[in-house]
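Enquirer: For the sequence shown, the working numbering assigns the number 1 to the initial residue and increments by one for each residue that follows.
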Amino acid sequence: MIRDRWATKTGLILALAGNAIGLGNFLRFPGQAAANGGGAFMIPYFLSLLLIGIPLMWAECAMGRYGGRFGHGHTAGIFHRLWPHPISKYIGVFGIFIPFTVALYYIPITSWCLAFSWFSFSGAYEGLVTRAEIGDFLKAFQGWESNAHFHGRGALYFFFLLTLALNLMILTGGIARGIERFAKLALPALFGLAVVLVIRVLTLSPPAGAGPDQTVLSGLGFVWNPDLRLLGDWKVWMSAAGQVFFTISVGWGIIHTYTSYLGPDDDVALTGLSTVSLNEFAEIVLGGTIAITASVVFFGIIATQDIVAGGTFDLGFQAMAIIFQQLPFGSLLGGIWFLLLFFAGLTSAVAITQPAVALIQEGFGVTRGRAVALVGLALLTLSVPALWWRGVLDELDFWAGTFALLLFGFAEAVIFGWIFGIERGWREITRGADIRVPAIVKPVLKYVTPVFLGAILLGFVFQSLGGPLESAPWQIWGARGLMLAIFIGLASMVRVALRASPTEDA
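1. Locate the alpha helix (DSSP H) running through tyrosine 45, then write down its first and last residues.
2. Return the first residue and the last residue of the alpha helix (DSSP H) that serine 117 is part of.
3. Which residue comes first and which comes last in the alpha helix (DSSP H) that contains lysine 446?
4. Which stretch, first to last residue, makes up the alpha helix (DSSP H) that contains threonine 430?
5. Between Leu51, Phe97, Gly67 and Asp4, which lies nearest to valine 493 when the distance is taken from Cα to Cα?
6. Could you check if serine 218 is buried or exposed, using at least 16 other CB atoms within 10 Å of its CB as the buried criterion?
7. Say whether the region 253-271 touches the region 481-490, bearing in mind that this needs 3 or more beta-carbon pairs closer than 8 Å, one atom from each stretch.
8. Please classify alanine 59 as buried or exposed, where buried requires at least 16 other C-beta atoms within 10 Å of its C-beta.
9. Check this for me: beta carbons of alanine 413 and leucine 56, under 8 Å apart or not?
10. Have a look at Pro188, Phe94, Ile87 and Phe116 and flag the residue whose alpha-carbon is nearest the alpha-carbon of valine 250.
11. What's the gap between the Cα of leucine 382 and the Cα of glycine 345?
12. Identify every run of the alpha helix (DSSP H) within the region 332-404, keeping only runs that are complete inside it and at least 4 residues long; order them along the chain.
13. DSSP three-state call for arginine 3: helix, strand or coil?
14. Under the three-state reduction of DSSP, which class applies to proline 188: helix, strand or coil?
15. Just curious, the alpha helix (DSSP H) that glutamate 180 is in, first and last residue?
16. Take every Cβ of the region 317-325, pair it with every Cβ of the region 232-245, and state whether three or more of those distances are shorter than 8 Å.
17. Report yes or no: do three or more beta-carbon pairs, one from the region 274-286 and one from the region 78-85, lie closer than 8 Å?
18. Look at the Cβ atom of glycine 68, then the Cβ atom of leucine 262, and state whether they are nearer than 8 Å.
19. Which residues in the same chain as leucine 315 place their Cβ atom closer than 6 Å to its Cβ, once the five residues preceding and following it in sequence are excluded?
20. Check aspartate 306 in the structure and name its three-state DSSP category.
21. Closest by CA to glutamine 475, which one among Asp394, Phe462, Arg499 and Leu458?
22. Do you know offhand how far leucine 380's Cα is from leucine 171's?
23. Which complete alpha helix (DSSP H) runs does the region 244-311 hold, if anything under 4 residues is left out?
24. Leaving out the 5 sequence neighbours to the left and right, which residues in its chain are closer than 7 Å to threonine 110 when beta-carbon positions are compared?
25. Just to check my reading of the structure: proline 99 and isoleucine 254 have Cβ atoms closer than 8 Å, yes? What is that Cβ distance to the nearest angstrom?
26. Counting C-beta neighbours from all protein chains within 10 Å, is the total for serine 260 16 or more, i.e. buried, or is it exposed?
27. Using 10 angstroms around the beta-carbon of aspartate 434, count the other beta-carbons present and answer buried if the total reaches 16, otherwise exposed.
28. Apply the 10 Å Cβ neighbour rule to arginine 65 and answer buried if 16 or more other Cβ atoms are within range, or exposed otherwise.
29. Where does isoleucine 87 fall in DSSP's three states?
30. Does the beta-carbon of tryptophan 6 have 16 or more other beta-carbons within 10 angstroms, so that it is buried, or is it exposed?
31. Quick check: the region 326-340 against the region 117-124, are at least 3 beta-carbon pairs closer than 8 Å?
32. Would the C-beta of aspartate 266 count as close to the ligand HEM, meaning under 7 Å from any of its heavy atoms?
33. Does tryptophan 224 pass the burial test, meaning 16 or more other C-beta atoms within 10 Å, or should it be called exposed?
34. Indicate the three-state DSSP secondary structure (helix, strand or coil) for valine 496 in the structure shown.
35. If valine 392 sits next to alanine 386, beta carbons under 8 Å apart, how far is it from one beta carbon to the other, in whole angstroms?
36. Would you kindly work out how many angstroms separate the C-alpha atoms of aspartate 505 and isoleucine 429, rounded to a whole number?
Structure follows, in structure tokens:
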């Protein structure tokens, strides 16, 4: 089978950046920064970026390109080559399981962004100016209740099916004609929309009767003013390291897949660094400016703290929908905000679907169109619990989108630095490099990155695993059973696909 290739380096970088730049850049990051010491949070954040983020990005790019030489576009096959041991391919299954399982709820959430963009442009929630009113609108749209706004889940399914269809259409085009072309359109559009909103937020005036803290400077200060006392809190360091790990999408198996479509001597050093740089610009400069700043101007610091504590949906769907209604051309600005979130979500949704497509296409020799159709059918069927059952979305996110992510990241750091070997790994990173990679990265990758990731994983286990293992309703156990079935199914597919695959180096 002739493998697809990226047409241009720019296309690859934009596709990798599109994978990394998602809803978390604009919603999760500012909340994390504000809750963990503001500017002080950025000290462990940048240290983590240097010690975990960039080195692991280079390692994943190198692993992906290495596996691509043998025709593997998924981590099970790639790990099978890095470490010729029977267990390696099953560790690699996590790099298919994580993105596929996350797609079961990430694509529905992305569809909500598209829906709210339409609702804003059309004025569907015009006049709903309290968090309770917007919350009732969102609940009715999701089908959790019936009110004057929605009866049933018809609108929910329409936007979900539309988003899923767009995702599959892009994937059917292949690497160069599908994913790359889309990234070249979506990323500039995303940045353009974000810049428009940043300019508007920085020129906001406080509403009538506003308190002295309801200013743009107070909003920026809420995110960025350092509280250095919090640097002594281990949880702040854990939060910063975790945010870096999640934001640049290492540990997902996606970077391996995307870079497997490179030639054996194509650069991965500059490509990886450029990807991280684009993501950090989106997160720090754009994401750190829009939502929190606007919320402080309109609601004040105390109310914003409550909104941030409420999570992503309170900030992104409720607070921002209310804020834009108070502004001239509010329907237009609100539509732009949700369209920005939709583009951020769709570029990531395409990326998290590709590893499963690669497994079916390359492992079983089917056409790309048929592989995309099979994955699409699975997503359509298995997304139903996330759409119907309360708590399932959070359960999938906890186990697949957080715990498995940390576990897989730690495992791949050990495999790359210690089993494949740091000397071989270093040769892969620097092969064809367009920039000089600092020599200090070699010991960092071998010693510091695994220890850092191990500490994050242990901290997460001690802090977070008690509650989820307690008694839970049947829907939650159903979600756990679904995840187990998905992993077993993928492992069985990998076993068949790689059964006749030799393990010696080419």
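For every residue, glycine included, the Cβ atom is placed at its ideal position computed from N, Cα and C.
Expert: Taking the geometry as given:
1. Element bounds for tyrosine 45: 42-48.
2. That run of the alpha helix (DSSP H) goes 94-122.
3. First-last for lysine 446: undefined, no H or E at that position.
4. For threonine 430, the enclosing alpha helix (DSSP H) starts and ends at 422-430.
5. For the sequence presented, residue 493 should be read as methionine rather than valine. Among Leu51, Phe97, Gly67 and Asp4, the Cα nearest to that of methionine 493 is on Phe97.
6. Counting of Cβ neighbours within 10 angstroms places serine 218 among the buried residues, the total reaching 16 or more.
7. Taking a contact to require three or more Cβ pairs closer than 8 Å, the region 253-271 and the region 481-490 do not qualify as touching.
8. By the 10 Å Cβ count, alanine 59 comes out buried.
9. By the CB criterion at 8 Å, alanine 413 and leucine 56 fall inside the cutoff.
10. Nearest option by C-alpha distance: Phe94.
11. Going from the Cα of leucine 382 to the Cα of glycine 345 covers about 19 Å.
12. Fully enclosed alpha helix (DSSP H) runs of 4 or longer: 368-382, 384-388 and 392-398.
13. Coil at arginine 3, not helix or strand.
14. Here DSSP, grouped into helix, strand and coil, assigns proline 188 to helix.
15. From DSSP, glutamate 180 is part of no alpha helix (DSSP H); its letter is neither H nor E.
16. Short answer: they don't touch.
17. The region 78-85 and the region 274-286 do not touch, with fewer than three beta-carbon pairs separated by less than 8 Å.
18. A contact, by the Cβ cut-off of 8 Å.
19. If we look at leucine 315 and ignore the five residues flanking it on each side, its Cβ neighbours are Leu27, Ala291 and Ile307.
20. Aspartate 306: helix per DSSP, three-state reduction.
21. In terms of CA proximity to glutamine 475, Asp394 leads the group Asp394, Phe462, Arg499 and Leu458.
22. When rounded, the distance between both Cα atoms is 15 Å.
23. Secondary structure remark: continuous alpha helix (DSSP H) runs of at least 4 residues inside the region 244-311, in chain order: 254-259, 269-280, 291-299 and 301-310.
24. Excluding residues within five positions, the ones whose Cβ falls inside 7 Å are Thr163, Phe342, Gly345, Leu346 and Ala349.
25. Their Cβ separation, rounded to whole angstroms, is 6 Å, which keeps proline 99 and isoleucine 254 in contact under 8 Å.
26. Serine 260 comes out buried.
27. The residue is exposed, with fewer than 16 neighbouring Cβ atoms inside 10 Å.
28. Using a 10 angstroms sphere on the CB of arginine 65, the tally of other CB atoms reaches 16 or more, which defines it as buried.
29. The three-state reading of DSSP puts isoleucine 87 in coil, since its state is none of H, G, I, E or B.
30. Classification for tryptophan 6: buried.
31. The way I'd put it, the region 117-124 does touch the region 326-340; three or more beta-carbon pairs between them come closer than 8 Å.
32. Absence of the ligand HEM is noted for the structure shown, with no ligands found whatsoever.
33. Classification of tryptophan 224: buried, given that the 10 Å Cβ count is 16 or more.
34. Of the three classes helix, strand and coil, the one that applies to valine 496 here is helix, per DSSP.
35. Right, their Cβ atoms sit about 5 Å apart.
36. Residue confidence is low: aspartate 505 scores 43 on pLDDT, short of 50, so the model does not pin down where it sits. Its coordinate-derived value is still stated next. Near 17 Å, if we compare the C-alpha coordinates of isoleucine 429 and aspartate 505.
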